[in-house]
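Undergrad: In the numbering used here, the protein residues as written are 2 to 103.
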Amino acid sequence: MLIAAIIALGVGTYSMRLGGVLLRGRLKLSATVQRLLLMAAAALLAALAGTAALMAGTDFAGVARPAGVLVGGVLAWRKAPFVVVVLAAAGTAALLRLAGVS
Numbered sequence: 002m003l004i005a006a007i008i009a010l011g012v013g014t015y016s017m018r019l020g021g022v023l024l025r026g027r028l029k030l031s032a033t034v035q036r037l038l039l040m041a042a043a044a045l046l047a048a049l050a051g052t053a054a055l056m057a058g059t060d061f062a063g064v065a066r067p068a069g070v071l072v073g074g075v076l077a078w079r080k081a082p083f084v085v086v087v088l089a090a091a092g093t094a095a096l097l098r099l100a101g102v103s
């Protein structure tokens with residue numbers, strides 16, 4: 002059953018991507034719809050990042066993880082190198098957990 006579900010999802014994903022390529026020249030979207038689609042994608046990404054940063058399963062993740070995400074976000078906004086962003090975010094979370102802040 003699991004294999005069938007994986008295959009069905011793979012076929013569906015491939016079909017959606019192929020449909021996008023085939024319909025690109027035939028389907029015209031207005032500028033308003035294009036702008037709304039871009040905003041919807043950004044909102045979905047922000048919701049996913051917020052959920053991943055704040056939740057661990059069904060429980061609150063604690064203070065250390067959101068603090069690390071905040072540090073990483075600020076450094077990314079300031080255009081720090083990716084390695085610095087990742088190390089600072091992980092280091093912040095690790096130091097807070099080491100200090101007993103969950």
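Every residue gets a Cβ at the ideal spot worked out from N, C-alpha and C, and that includes glycine.
1. Tell me whether the beta-carbon of G69 lies closer than 7 Å to the beta-carbon of T93.
2. So which of V64, A62, V85 and G63 has the shortest CA-CA distance to G73?
3. So what does A57 bridge to, in DSSP terms?
4. For the alpha helix (DSSP H) containing V86, name the first residue and the last one.
TA: Let's see:
1. yes
2. V85
3. D60
4. F83 to L99
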